[in-house]
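Each remark here refers to the structure printed beneath this line.
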Amino acid sequence: MGSDRVAAASQAIAKYAESFGGFQKSAPGHELSWLRKLRQDGFVRFSEVGFPTTRDEDWRFTNPGAIAQVPFRLVRNGHSLPSQKDIDRFRMPGAGSQLVFVDGRFAPGLSLVGKLPAGVTVSNLAAEIARNPEAIEKHLGHYLNMQRDAFGALNTAFLEDGAYVHVAKGVVLEAPVAILFVSTEQDSPAVNHPRNLIVAEENSQATIVEDYVSLGGGQALCNTVTELVAADHSVISHYMIEREHTGAFNVSTLRIQQGRTADVSSHSVLLGGALVRNNVHPVLGGEGGECLINGLFIGNGRQHLDNYMLVEHASPHCGSRQFYNGILDGHAHGVFHGRIIVHKDAQKTDAKQTNRNLLLSDSAQIDTKPQLEIYADDVKCTHGATIGQMEENSLFYLRSRGIDEMSARRLLLVAFASECMDRMKEGPVRTHVEKLIHDHAFRLAAASLGRVA
Amino acid sequence: MSLLDIKDLRVRVEDREILQGVNLQMNAGEVHSIMGPNGSGKSTLAQVLARRETYNVTGGEVLFNGKDLLAMKPEEAACEGLFLAFQYPVEIPGISNAYFLRSALNAIRKYRGLEEMDAMDFLPMLRQKLKLLDMDDKLLNRSVNEAFSGGEKKRNEILQMAVLEPKLAILDETDSGLDIDALRIVAEGVNAMRNPERAILVVTHYQRLLNYIVPDRVHVLVEGRIVRSGGPELALELEDKGYGAYDAGAGASA
């Protein structure tokens, strides 16, 4: 790294230090010592390690330098909220509740919390810290590993608000909870650090959707962390949809803690963003747990979409299945880094990993890296990756039946993506995702024929 | 006016001239067969007519319904009423057979200024055509040709033809890899579609299919040229004597 870039990066870190002092004094719950300590620990850890570089094995294919060098400013009070109309076009039809966060902060006027069954709380973290600090203290920060994740440490230092969902023992929450994170255009580069906590008690069921969007352009970083606790025998689906504008930076970490026979599905759909890093880190901590990690990333232009999985098998008889499909056009760069750790006692682990990629141009690039670390002796781990192009044969077949070239391309893109969509349960979220994918495939097909959609 | 009029068609692949001046005329209502040994250019002719862009047409002219076929894209040729039943139908995972067929039909209807057909009208029509080819309903919800048996793939081609109702259907070695029962079913499907407005071009290596789909004319294609044309009896003669008589050099005397 050049010396001026080092200087820029350390200036940026100094900028975070500057804002941390004031933030720590005024942030929600600043009077709670455990919370003050949590933030302090986060900040100390971040200051120690700074931003990762490509020398770090976990960041080999993604250079966070572009993020490290920008003096992002924390978005705080004083700006006007978007209108209902601005937000409505992003809403997911069929959601039971919709929480809206604008630049990381809860916007009650734009949120709609539907009628919830007894035992379900759908709220925002800042409010719950004030109302119910013991319940938050019990989980917040307990699962995220700040030691290995500088962005997670930074998020923890500046944690302020985000979604809080709690589902009591035995309760089934049928309608999905949609959480919309809106980044608005600012005069100078802006950062926000949403922090979500989802706690599903024993034998409960819920579906949570995180949906990241932007209003306007502008340089922005959304650095988000979600801790998801899936207690014994719970069934949880989590969706992460990234569709910010193609100049935005988005780093997200989903840390899942699974209990006995808990069944968790994580679905990631990356469509937007300039540089996106999506960490999914489940720990199968109880016997018989099942985890599906399903993802689709579609990049064009100069987008960089990095999917980093760390699947930890910490108990016997658990299964994990990773399926990621990537479509890359233009100069887009995709990364699939699938790390599986099977701990010593996790006998009878069944871990599977598949990454399929479709490259639509000569300059698109994919790095795919399986990384298996197995310390138990009776396990089954498989992995595979493929890279291909759009088949001329298939295109001709469709066209020979009367389907025009653009539609044929769009159909083949949707077909490739449908493998991932088919793993999502049928219902409002899948319909929402399908619509986004169809629209996106249309734009991609049009762009590849040099037309403007 | 002929429905299809091929004049002196010349096609190159890399440095080899595969078609060396093909001439052929077909009228609506007729069934013709092109027979020839492997490598004679049969499939090239079929693919060029369906407008596959990987072939380099170096000379000649093709009029389809009076229009310049060689100026058309594959989808335009299809919308104008040309259909190719593929020798090797393509598997397309992720697109259901029913969705594919409806997309194709609606693309063609749209081109012709007709209203698009919704699923309510489309499915009953499709079920009826399935019966004609003795095909299982389940094939509709499966991905196009994916994990279909060889016979199912070929039947699926004829199903598409039945749905799209072309003016000219070209069957490229539809008989290859079919057992006798499947061959009969496919042939019955094709025969059910014979009518005075439609022409069918059966491209085949063997005569057997022509026992079931009896052609009006048979043409022998050898080394990129049609060396002989005749009635259905010519197919039997070829079955009996083989293509040996038309080996290299023999074409010149035809």
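Keeping their order, the protein sequence lines are chains A and B.
Residue 2 is where the first sequence starts when you use our numbering, and the numbers rise one by one after that.
Residue 1033 is where the second sequence starts when you use our numbering, and the numbers rise one by one after that.
The C-beta atom is built at its ideal place from N, Cα and C for all residues, glycine as well.
Mapping the DSSP letters down to three states, classify residue 157 of chain A as helix, strand or coil.
Helix at residue 157 of chain A.
In chain A, which residues lie with their C-beta within 7 angstroms of the C-beta of residue 1110 of chain B?
By Cβ distance, chain A contributes 401, 402 and 403.
Against chain A: residues of the stretch 1180–1205 of chain B by CB proximity under 8 angstroms:
Within the stretch 1180–1205 of chain B, the residues whose Cβ lies closer than 8 angstroms to some Cβ of chain A are 1192 and 1196, listed in chain order.
Measure the beta-carbon distance from residue 1067 of chain B to residue 1270 of chain B and round it to whole angstroms, keeping in mind my assumption that it falls under 8 angstroms.
About 6 angstroms; that satisfies the 8 angstroms criterion.
Chain B partners of residue 397 of chain A, CB-CB under 7 angstroms?
Going along chain B in sequence order, the residues near residue 397 of chain A (Cβ under 7 angstroms) are 1084 and 1106.
Tell me the rounded alpha-carbon separation between residue 1144 of chain B and residue 1111 of chain B.
Across the structure, residue 1144 of chain B and residue 1111 of chain B are spaced so that their CA atoms are roughly 7 angstroms apart.
Supposed contact pair residue 1040 of chain B and residue 1053 of chain B - C-beta distance, whole angstroms, cut 8 angstroms:
Sure, about 5 angstroms apart at Cβ, within 8 angstroms.
I need the DSSP call for residue 1093 of chain B, collapsed to helix, strand or coil.
Strand at residue 1093 of chain B.
Please compile the residues from chain B whose C-beta is within a distance smaller than 7 angstroms of the C-beta of residue 419 of chain A.
The contacting residues are 1126.
Burial state of residue 390 of chain A, where buried means 16 or more other Cβ atoms lie within 10 Å
By the neighbour-count rule (16 or more Cβ atoms within 10 Å), residue 390 of chain A is not buried but exposed.
Starting from the Cα of residue 462 of chain A, find the closest Cα among A:206, A:249 and A:216 and give me that residue.
Residue 462 of chain A lies beyond the stretch modelled for chain A, which goes from 2 to 454, so this question has no answer here.
Anyone know if the C-beta pair for residue 212 of chain A and residue 29 of chain A falls short of 8 angstroms?
Taking C-beta atoms as the reference points, residue 212 of chain A and residue 29 of chain A fail to come closer than 8 angstroms.
Inter-stretch contact (C-beta, 8 angstroms, three-pair minimum) for the stretch 376–390 of chain A and the stretch 351–367 of chain A:
Touching, yes, given that three or more Cβ pairs across the two stretches are closer than 8 angstroms.
Below 8 angstroms between beta carbons is the criterion; list the residues of the stretch 1039–1064 of chain B that meet it against any residue of chain A, in chain order.
The stretch 1039–1064 of chain B vs chain A, Cβ under 8 angstroms: nothing.
Which residues DSSP lists as bridging residue 316 of chain A, in chain order:
Answer is none; residue 316 of chain A lacks a bridge partner.
Determine the direct distance from the alpha carbon of residue 368 of chain A to that of residue 1218 of chain B, and round the result to whole angstroms.
When rounded, the distance between both Cα atoms is 47 angstroms.
Nearest candidate by alpha-carbon position, reference residue 1063 of chain B, set B:1072, B:1202 and B:1085
Of the candidates B:1072, B:1202 and B:1085, the one whose C-alpha sits nearest the C-alpha of residue 1063 of chain B is B:1202.
Outcome for residue 423 of chain A when other beta-carbon atoms lying within 10 angstroms are tallied against a minimum of 16:
Label assigned to residue 423 of chain A: exposed.
Return the first residue and the last residue of the alpha helix (DSSP H) that residue 362 of chain A is part of.
Looking at the DSSP string, residue 362 of chain A is not in any alpha helix (DSSP H), and its letter there is neither H nor E.
Starting from the beta carbon of residue 1116 of chain B, find every residue of chain A whose beta carbon is closer than 8 angstroms, and list them in chain order.
Those within 8 angstroms of residue 1116 of chain B in chain A are 401.
Taking all protein chains shown into account, decide if residue 45 of chain A is buried (16 or more other Cβ within 10 angstroms of its Cβ) or exposed.
The residue in question, residue 45 of chain A, is exposed, as its Cβ has fewer than 16 Cβ neighbours within 10 Å.
Can you tell me whether DSSP reads residue 1050 of chain B as helix, strand or coil?
Note: residue 1050 of chain B maps to strand in three-state DSSP.
With respect to the beta strand (DSSP E) encompassing residue 173 of chain A, which residues constitute its N-terminal and C-terminal limits?
Note, residue 173 of chain A: premise wrong, no beta strand (DSSP E); not H, not E.
Considering only the alpha carbon of each residue, which of A:32, A:445 and A:149 lies closest to residue 57 of chain A?
The residue with the shortest Cα to Cα distance from residue 57 of chain A is A:149.
Compute the distance between the beta-carbons of residue 269 of chain A and residue 281 of chain A, then report whether it is under 8 angstroms.
Between residue 269 of chain A and residue 281 of chain A, the C-beta spacing is below 8 angstroms.
Identify the residues that DSSP records as bridge partners of residue 1237 of chain B: which are they?
The partner list for residue 1237 of chain B (beta bridge, DSSP) is empty, contrary to what the question assumes.
Unbroken beta strand (DSSP E) run spanning residue 295 of chain A, endpoints:
Start and end: 291–300.
Buried versus exposed call for residue 254 of chain A [16 or more other C-beta atoms within 10 Å across all chains shown]
Classification of residue 254 of chain A: buried, given that the 10 Å Cβ count is 16 or more.
Any chance the stretch 399–409 of chain A sits against the stretch 1134–1150 of chain B, with 3 or more Cβ pairs inside 8 angstroms?
Yes, the stretch 399–409 of chain A touches the stretch 1134–1150 of chain B.
With a threshold of 7 angstroms on Cβ separation, who are the neighbours of residue 1033 of chain B within its own chain once the five nearest residues in sequence on each side are excluded?
Excluding sequence neighbours, residue 1033 of chain B sits near 1098.
Do three or more CB pairs link the stretch 136–151 of chain A to the stretch 94–103 of chain A at distances below 8 angstroms?
With a cut-off of 8 angstroms on Cβ pairs, the stretch 136–151 of chain A is not in contact with the stretch 94–103 of chain A, counting fewer than three such pairs.
Counting only beta-carbon atoms, is residue 1286 of chain B nearer than 8 angstroms to chain A?
Bear in mind that the predicted position of residue 1286 of chain B carries a pLDDT of just 36, short of 50, making it unreliable; the figure below should be weighed with that in mind. No, its Cβ sits nowhere closer than 8 angstroms to a Cβ of chain A.
Three or more beta-carbon pairs under 8 angstroms between the stretch 310–319 of chain A and the stretch 439–446 of chain A, yes or no?
No, the stretch 310–319 of chain A does not touch the stretch 439–446 of chain A.
Per DSSP, residue 181 of chain A forms a beta bridge with which residues?
Bridge partners of residue 181 of chain A: A:101 and A:212.
Just checking, does the stretch 324–334 of chain A make contact with the stretch 294–313 of chain A on the three C-beta pairs under 8 angstroms criterion?
By the Cβ criterion, the stretch 324–334 of chain A is in contact with the stretch 294–313 of chain A, since at least three pairs of Cβ atoms, one from each stretch, lie closer than 8 angstroms.
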